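Asks:
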Amino acid sequence: METAKKKNHGVIFVLLSAICFSIGGLFLKMVPWNALSINGGRALISAVILACYMKATHHKLVVNKQVLLGSVCLLGEMILYVYANQLTTAANAIILQFTAPIFIILFMWIFFHQRPRRLDILTCAVVFGGIILFFIDGLSGGGMLGNLLAVGSGAFYAVVFMLEAFPEGDSLSSMVITHSFCA
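Position 21 (the sequence shown) corresponds to 648 in the working numbering; numbering is contiguous.
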């Protein structure tokens with residue numbers, strides 16, 4: 628019974644997360660501020676929530692090389708995403724940001740000499756093919772910079788995920804540091 632209850636909670640949290648991510652781009656378009664101001668407002672709200680969570684769970688703030696690198700990459704991801712959202716459609720910015728798995732495989736191969744499995748390559752090829760098909764239907768010249776920034780956001784996002792695998796990595800500390808800095 629406990630396992631089924633946890634599974635149901637997981638499904639609900641994934642659904643809520645998808646809803647929040649989906650409406651996030653819409654809200655970014657509705658706010659008449661510049662990208663850095665929007666990023667600061669988002670960061671202020673999330674920094675307060677994350678700090679309260681850390682206090683409630685007695686999670687100590689960790690500061691080390693991996694955490695700071697994670698913070699820098701998260702900062703790059705956040706700023707590029709908000710700028711991309713202002714320069715292209717919200718759908719483009721969100722889809723291109725989620726090229727992160729492609730970058731993870733590429734970075735693991737280049738920096739750690741970890742060869743991707745055939746299934747990884749096939750999955751990324753399908754994802755990449757889908758992204759290409761998504762954009763074949765006419766990219767506007769004005770949206771191209773936004774699309775490139777969104778791809779850059781995906782690359783930074785990949786590094787954030789990769790750093791979590793390091794023993795000294797602490798994504799929660801990276802997020803609190805980044806969001807506090809941005810606020």
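Beta carbons: idealized from backbone N, C-alpha and C, even for Gly. Note that the structure is a prediction, hence the values are computed from the model and not measured.
Let me know if residue 704 comes out buried or exposed under the rule of 16 or more other beta-carbons within 10 Å of its beta-carbon.
Replies: Result: buried.
Asks: Between the alpha carbons of residue 781 and residue 683, how many angstroms are there, rounded?
Replies: Spanning the two alpha carbons is a distance of roughly 31 Å.
Asks: Which word fits residue 712, buried or exposed, when buried means at least 16 other C-beta atoms lie within 10 angstroms of its C-beta?
Replies: The residue is buried, with at least 16 neighbouring Cβ atoms inside 10 Å.
Asks: Let me make sure I understand the geometry here. Which of 807, 806, 798, 725 has the alpha-carbon closest to that of residue 686?
Replies: The residue with the shortest Cα to Cα distance from residue 686 is 798.
Asks: Consult DSSP for residue 806 and reduce its assignment to one of helix, strand or coil.
Replies: The answer is helix: DSSP assigns residue 806 an H, G or I state.
Asks: Could you give the residue range of the alpha helix (DSSP H) that holds residue 682?
Replies: From DSSP, the alpha helix (DSSP H) with residue 682 extends over 662 to 684.
Asks: Which of the three DSSP states, helix, strand or coil, is assigned to residue 659?
Replies: Three-state result, residue 659: coil.
Asks: Going by C-alpha to C-alpha distance, which of 661, 754, 693, 719 sits closest to residue 802?
Replies: Cα-wise, what sits closest to residue 802 is 693.
Asks: Express the C-alpha separation of residue 653 and residue 647 in angstroms, rounding to a whole number.
Replies: Rounded to the nearest angstrom, the two C-alpha atoms are 10 Å apart.
Asks: Determine the DSSP secondary structure at residue 725, reduced to helix, strand or coil.
Replies: The answer is coil: DSSP assigns residue 725 none of H, G, I, E or B.
Asks: What's the call for residue 657, buried or exposed, on a 16-neighbour Cβ count within 10 Å?
Replies: Counting Cβ neighbours within 10 Å, residue 657 comes out exposed, since fewer than 16 surround it.
Asks: How far does the alpha helix (DSSP H) with residue 699 in it reach, from first residue to last?
Replies: Residue 699 -> alpha helix (DSSP H) spans 692 to 714.
Asks: Determine the direct distance from the alpha carbon of residue 808 to that of residue 691, and round the result to whole angstroms.
Replies: Rounded to whole angstroms, residue 691 to residue 808 spans 16 Å at the Cα level.
Asks: According to the Cβ coordinates, are residue 697 and residue 787 closer than 8 Å?
Replies: Against a cut-off of 8 Å, the Cβ pair of residue 787 and residue 697 comes out as a contact.
Asks: Apply the 10 Å Cβ neighbour rule to residue 700 and answer buried if 16 or more other Cβ atoms are within range, or exposed otherwise.
Replies: Looking at its Cβ environment, which holds 16 or more other Cβ atoms inside 10 Å, residue 700 is buried.
Asks: Under the three-state reduction of DSSP, which class applies to residue 792: helix, strand or coil?
Replies: Coil, per DSSP.
Asks: Are the Cβ atoms of residue 758 and residue 722 separated by less than 8 Å?
Replies: Result yes, Cβ atoms of residue 758 and residue 722 sit closer than 8 Å.
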